[in-house]
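Residue numbers (the working numbering): 4 to 129.
Yeah, the Cβ is synthetic: ideal placement off N, Cα and C, and Gly gets one too.
It should be emphasised that the depicted structure is a prediction, and the values quoted were computed from it without experimental measurement.
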């Protein structure tokens, strides 16, 4: 609930400041976004620990699980970055961030996709 509180307080402050000094409003939005993300790090750590345990119990190799973590991290950073660019009225930059993040996510997931393809191939052949 602290995240919601700080998000609303930050948004209200940014609205008030944007009318007077728009440049500071963007800096304030970045600061609030970083602060909220920092508050959520414990949640991300708990999710990471839980999925690590699941992968270990399931006997999944780290090279199959790591691309998932990397892809999620890329998505989170890209979403925050593109939203901040949109707040600054830089829609083209935001779109470029999203496009490159999508391509990077696929690239990072290639080892996982390759393993799945190999598994499907082995089922079809034997």
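>> Between residue 79 and residue 115, how many whole angstroms is the CB-CB distance? I'm expecting something under 8 Å.
In response: In fact, because the Cβ distance is near 18 Å, the residues do not count as touching under 8 Å.
> What's the C-alpha gap between residue 69 and residue 52?
Replying inline: So the two alpha carbons sit approximately 13 Å from each other.
> What's the C-alpha gap between residue 82 and residue 96?
Replying inline: Cα to Cα, residue 82 sits roughly 12 Å from residue 96.
> Exposed or buried, which one is residue 50 when buried takes at least 16 other CB atoms within 10 Å?
Replying inline: It counts as exposed.
> For residue 118, which residues of its own chain have a beta-carbon under 7 Å away from its beta-carbon, when the five flanking residues on both sides are left out?
Replying inline: Correct list, in chain order: 67.
> Taking residue 21 as the reference, which of 91, 84, 6 has the closest Cα?
Replying inline: If we check each option's Cα against that of residue 21, 91 comes out closest.
>> Whole angstroms are fine: how far does the CA of residue 34 sit from the CA of residue 4?
In response: C-alpha separation (whole angstroms): 18 Å.
>> Using only CA atoms, which one of 43, 36, 16 lies nearest to residue 28?
In response: When only C-alpha atoms are compared, the closest one is 16.
> Do you know offhand how far residue 40's Cα is from residue 48's?
Replying inline: Rounded to the nearest whole angstrom, the CA to CA distance from residue 40 to residue 48 is 12 Å.
>> Taking a contact to mean a Cβ-Cβ separation below 8 Å, would you say residue 46 touches residue 73 in this structure?
In response: Their beta carbons are not under 8 Å apart, which means residue 46 does not touch residue 73 by this criterion.
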